[in-house]
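Position 102 of the sequence shown, counting from 1, maps to 102 under UniProt numbering, and the rest follow consecutively. Idealized CB from N, CA, C, for every residue including glycine. Keep in mind it's a predicted model, so treat the numbers as computed, not measured. For reference, the structure is listed below as structure tokens.
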Amino acid sequence: MALLTPLFAFLYHLPQVYKWLLKPYYIASLFMSLAFLMVRKTPGICEHLSSTREDGNSCDFDWREVEILMFLSAIVMLKNRRAITVEQHVGNIILFSKVANVFLFFRLDIRMGLLYLTLCIVFLMTCKPPLYMGPEYIKYFNDKTIDEELEKDSRVTWIVEFFANWSPECQSFASVYADLSLKYNCAGLKFGKVDIGRYGEVSKKYKVSTSPLSKQLPSLVLFQGGKEVMRRPQVDKKGRAVSWSFTEENIIREFNLNELYQKSKKLSKTKGERNEKANDSQFPPLPEEEEPESDANTQEVELESKKDK
């Protein structure tokens, strides 16, 4: 079931995700995830491998390898229960498949284990997952512009994501956050992002830890009038992040996005009316037309002309 759920989700979203799946990063990750399977099942190679099977068939899994694969399935099932996107499902399968391959290769041959582990480290240091490049209404801050933008207009509500490019959770959440910005962005409600992996001073000021063990990446913070109102995930007194799922439904409910959007639209209308008045004031008033002479004056002129005749 742990493998069928992401498989069905992948097939459902296949038209939208096939482009990023065909990128070199995911192709290389797929081959590395299936490395042990290919070595164990490839004719001409598997015959030279050691095996603890009673029948001596070195081209099939022994009981210890089956146990490791079953344990891998259980871990993937637990992790995918909290996954919210197809990218997270696929990423969890790839990650834990590599971990399982390390144990399998070391058990098979120490030299093969060291070689595979070295390849994984080189791949991790040189290759990064492709970033989300879809449509969005998000403003990116740095350490100098974030305070200025948050305090520029006290009527504007900001939702800011504190993220790091190296975090898989942040990469998976990018498409969800972009969809929210497309639905709810307006003059009074804006969305921003700041890379605290790059700007360490920002992470210290807003108390968002960049440690991989902190579970604070990503963090969403709501600002009103330049001041923090709420954030998710919450941080307890000991500085530990409270577990929270970054689904679109949770964010809409916790941050009251529907209510905020309705209030923000009123601010948009107010700004539009003020702009119209300002444009009207730029044009001079039209001159008043002169009133035509009255009928009585016209009759007097006609009588005088008749007497002269």
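Residue burial is scored here from C-beta neighbours: residue 158 has at least 16 other C-beta atoms within 10 angstroms and is therefore classed as buried. With a threshold of 16 other beta carbon atoms within 10 Å, residue 160 meets it and is buried. Within the DSSP secondary-structure output, residue 157 pairs in a beta bridge with 189, 224. Segment contact: the region 96-106 against the region 172-183, fewer than three CB-CB distances shorter than 8 Å; contact not assigned.
For the pair of segments examined, the region 204-217 was found to touch the region 231-243: the number of CB pairs separated by less than 8 Å reaches three. Using a 10 angstroms sphere on the CB of residue 171, the tally of other CB atoms reaches 16 or more, which defines it as buried. Straight across, the Cα-Cα distance linking residue 90 with residue 28 is about 13 Å.
Annotated as proximal: residue 49 and residue 40, with beta-carbon spacing under 9 Å.
DSSP assignment within the region 50-87 yields the following whole alpha helix (DSSP H) runs of 4 residues or more, N-terminal first: 63-80. C-alpha of residue 257 to C-alpha of residue 216: approximately 22 Å in a straight line.
By the criterion of a C-beta distance shorter than 7 Å, residue 103 is surrounded in its chain by 68, once the five residues flanking it on both sides are discounted. Looking at the DSSP output, residue 103 bridges to nothing. Annotated three-state conformation of residue 215 is coil, per DSSP.
Counting of Cβ neighbours within 10 angstroms places residue 71 among the exposed residues, the total staying below 16. Annotation for residue 53: 62 place their beta carbon closer than 6 Å to its own, counting only its chain and skipping 5 residues before and after. Sequence-distant Cβ neighbours of residue 134 in its own chain, meaning closer than 6 Å and more than five residues away, are 178. DSSP, reduced to helix, strand and coil, places residue 139 within a strand of the structure shown.
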